[in-house]
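Residue numbers (the working numbering), protein chains in the order written: chain F, 964 to 1604; chain P, 680 to 955.
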């Protein structure tokens, strides 16, 4: 059930449509002070209209840029729609961005109005205000701690709303006129790219592009207005805004905002979403939590879990491969579901999930298969900010774990000789904001967009993504080196949080390892290994042995894949502290920024290739140890055996 | 001794206070307390203004906890009197103190260990509940109404102290710093006029101490609650207190703003030791 009717070509128009069509149905739910509070479509439309009236009185107008800085909150969503009602372009920012990052985004997009969530965000904004003189107005939602702030730019959301309600009467015709004036080809959002390979770029997307893609995806997922989604990823990421704002606007389903990121899991369990967007990172974290808990139990429970998961995974693989499953296996799978998979789905808050997607980064096939074996209909989705997110997705009944699925309707794919994926689609972005040169570089005259991803199409027309073009390299012997595929295999293991593989232009692959402190700490506790903190645990000889075992297992798996057999990890280092976005090693969506890491850890990498057993690095008191990993015989021999 | 400038209080002085100081809400005059032959407190007088953060500091065994227990009505001093909100109290039980608007936390946490965070803080609402046992047992209208009012108040505190994620967790499973925070929450639930904190930062690491400082300042700023706190760690106290009383061997050796106290020779001697 989607709103395919003509004329509904912007989100404010869609909102009014829903307010009339399903006014009393929930649009957004938010857990606030322990209770789920519902905002109906009618209430959302009313609040949006009032906000729009007040915002226009404060200078928001057609073409101006309004930034959002905060978590998913009904009020920020209302603010988004209010700004769009007036024809303004909304730029959602990452709420954990540093003040400098925020400043550069505000400057780049020439933002005049900002909606901020709380004191923390306001503090950031006030600090950079001198550098961003075009910012006229900062609206804050939560007034805690804001009593002492007297800056003239500040206004509370409540005050704005009250003012808007007073103005709503006299401005009604004006706001309605502005909404009616909005056209599908107008820019709706300005998203900043995650900036994996360079500084973030502002991507302008139109209403038509977003609505067209969202409508198509909704048809494929058979979404309707009784569906429920969770809004728990950063709104600065296009995926979250699509699943939490664009698609609800198109379909009329309800979005739930958890109380905080700490309560996400239990909140999700309470709401039981039916439509779910995840990222490989979230899934990795969930899996690590599950394995950690299973490690902590023992005896019968642990054996039961292992056996049941083994059955579930075997049956799942057989089903995907299209083989018939024997009656005994079917019975066993049924029992596994009853005993382990069902309860586990419930604990993860996924027992009602009909359709789940993983997007944003490449996922390790094993990770995908784990969740599919659990009975969750998890599928890969490929797309980026510039391509309107929905480019290719796996379809029910045609899932190959190592591909991202077939292109969606309307999407044309082309591969360059260097295997770069080119996309032409109605969902493509309009331009990089105020940067025609870069736009022309990325999108050619015929409308083909260079994704920067290397991939290939298999015989069924399914797309397989190898890695970012910039990162795919070759080892000295000429074989392809795709670091992300290797790293994802490492990250699948519970003790490894993050890994960075090096090997382009080298004779062998080496890796930096960042341990998962909770799982490794737990492992250490169980063994009586004592440590004072992350750095000491990471440097412990036993932990090195543990990680060496993990890598040996990964090497065995790499050896079994022809493309990756030469990419086995020869040497590794365990880092004394986490790679973090604040130091620039990761993007805000948690992707590696390799050029930064290569620069920061140059001494370590050189030492690994130099054959040293240790190296002094940074402010560590002791030498950082370097160890060799066990390399497995090449695949050809193994395949014969 | 600690010579870093008092960061937080200077900020508060620079901007206007949400709740300006009122008249003395609590007055102690010539308090002396003996346990048998041991003189725990000798002739101590000071007052606490409404809406201020007042610290009692001193080395170990200086009589800080005894002082707090006198204020709270646990000990009855042999001499002197306590005047609270204009009422002179010669003999007061802790229950009366609670009814008059005092709430406290303890040096060694005194929570209901098996109960959840939510239930522990709900317990702090007991004085705000008027329904009788039978009304509650049969869930009559007044009991039901009060229950939801209390829950709303408790949820506000949970949000205020940022402990949403442990709402349903049994207290015994929480780390020490969080337990301290829950105890503060339970004291706040009584909507006290005066909050007595007995070594709120004891045994915490730096991060937990900073968190606790922020919450104490926020409580004072947001609810206007008068805070009387005991600490032996001077550094933190100086940063958040408006005025400080210094005790040593049961005697008052200093009283004033953190800066005044810091430059007081007796205080320096008591903390650093002095050659006699």
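Backbone N, C-alpha and C define an ideal beta-carbon position, used for all residues, glycine too.
> For residue 1430 of chain F, which of helix, strand or coil comes out of DSSP?
Replying inline: strand
> What residues from chain A crowd round residue 1226 of chain F, counting only those whose CB sits closer than 7 Å?
Replying inline: Within the model displayed, chain A is absent; protein chains F and P are what it includes.
> Since residue 697 of chain P meets chain F, which of its residues come closer than 7 Å, beta carbon to beta carbon?
Replying inline: 1110
> Contact check, residue 1381 of chain F vs residue 1442 of chain F under 8 Å by CB: the rounded distance?
Replying inline: About 16 Å; that fails the 8 Å criterion.
> Among F:1019, F:1076, F:1490, which residue has its Cα nearest to the Cα of residue 1258 of chain F?
Replying inline: F:1490
> Using a C-beta to C-beta distance shorter than 7 Å, which residues of chain F count as neighbours of residue 838 of chain P?
Replying inline: 996
> Between which two residues does the beta strand (DSSP E) containing residue 1618 of chain F stretch?
Replying inline: No statement about residue 1618 of chain F is possible, as the shown extent of chain F runs from 964 to 1604 and does not include it.
>> Can you find the residues in the same chain that come closer than 6 Å, C-beta to C-beta, to residue 847 of chain P, ignoring five residues on each side of it along the sequence?
In response: 795
> Rounded to the nearest angstrom, how far is the Cβ of residue 1433 of chain F from that of residue 1418 of chain F, given a contact under 8 Å?
Replying inline: With 8 Å as the limit, residue 1433 of chain F and residue 1418 of chain F do not qualify as a contact, their Cβ atoms being about 14 Å apart.
> Is residue 1326 of chain F near residue 1451 of chain F, with beta carbons less than 8 Å apart?
Replying inline: yes
>> When you compare the segment 1178-1196 of chain F with the segment 1059-1070 of chain F, are there three or more beta-carbon pairs, one atom per stretch, that lie closer than 8 Å?
In response: no
>> List, from N- to C-terminal side, the alpha helix (DSSP H) runs of 4 residues or more that fit wholly inside the segment 968-1006 of chain F.
In response: 974-984
> Would you report the Cα separation of residue 798 of chain P and residue 1236 of chain F, rounded to the nearest angstrom?
Replying inline: 29 Å
> So does the segment 980-987 of chain F actually touch the segment 1039-1057 of chain F, counting three or more Cβ pairs closer than 8 Å?
Replying inline: no
> Name the chain P residues that come within less than 8 Å of residue 1027 of chain F, Cβ to Cβ?
Replying inline: Those do not exist, as residue 1027 of chain F stays about 32 Å from chain P at its closest Cβ, beyond 8 Å.
> Just to confirm, are residue 1241 of chain F and residue 1324 of chain F a CB contact at a threshold of 8 Å?
Replying inline: no
>> With a threshold of 7 Å on Cβ separation, who are the neighbours of residue 1396 of chain F within its own chain once the five nearest residues in sequence on each side are excluded?
In response: 1071, 1072, 1153, 1165, 1167
>> Please report the straight-line C-alpha distance between residue 720 of chain P and residue 995 of chain F, rounded to a whole angstrom.
In response: 48 Å
> Since residue 1239 of chain F contacts residue 1192 of chain F with CB under 8 Å, what's their CB separation in whole angstroms?
Replying inline: 7 Å
> Run through DSSP, which three-state label would residue 1082 of chain F get?
Replying inline: helix
> So what's residue 782 of chain P in DSSP terms, helix, strand or just coil?
Replying inline: strand
>> In whole angstroms, give me the CA-to-CA distance for residue 1511 of chain F and residue 1592 of chain F.
In response: 6 Å
> Mapping DSSP to helix, strand and coil, what is residue 894 of chain P?
Replying inline: helix
> Just by C-beta distance, which residues in the segment 1208-1226 of chain F are closer than 8 Å to chain P?
Replying inline: 1222, 1223, 1225, 1226
>> Can you confirm whether the segment 1100-1107 of chain F touches the segment 1073-1091 of chain F when touching is taken to mean that 3 or more C-beta pairs between the two stretches lie within less than 8 Å?
In response: yes
>> Can you pull the chain F neighbours of residue 910 of chain P, defined as C-beta to C-beta under 8 Å?
In response: Simply none; closest approach about 23 Å.
> Since residue 923 of chain P contacts residue 916 of chain P with CB under 8 Å, what's their CB separation in whole angstroms?
Replying inline: 7 Å
> Which residue from F:1531, F:1308, F:1132, F:1074 puts its Cα closest to that of residue 1015 of chain F?
Replying inline: F:1132
>> Mapping the DSSP letters down to three states, classify residue 1142 of chain F as helix, strand or coil.
In response: helix
> According to DSSP, is residue 1395 of chain F helix, strand or coil?
Replying inline: strand
> What are the start and end residues of the beta strand (DSSP E) that includes residue 1533 of chain F?
Replying inline: 1532-1537
>> Could you compute how far the alpha carbon of residue 1284 of chain F sits from the alpha carbon of residue 1371 of chain F?
In response: 22 Å
> Closer than 9 Å, Cβ to any Cβ of chain F: which residues of the segment 885-918 of chain P, in chain order?
Replying inline: 897, 900, 901
> residue 835 of chain P versus chain F: which residues are under 8 Å apart at the beta carbon?
Replying inline: 996
> Between residue 1363 of chain F and residue 1344 of chain F, what straight-line distance do the alpha-carbon atoms span, to the nearest angstrom?
Replying inline: 12 Å
> Taking C-beta to C-beta, are residue 1138 of chain F and residue 1012 of chain F nearer than 8 Å?
Replying inline: yes
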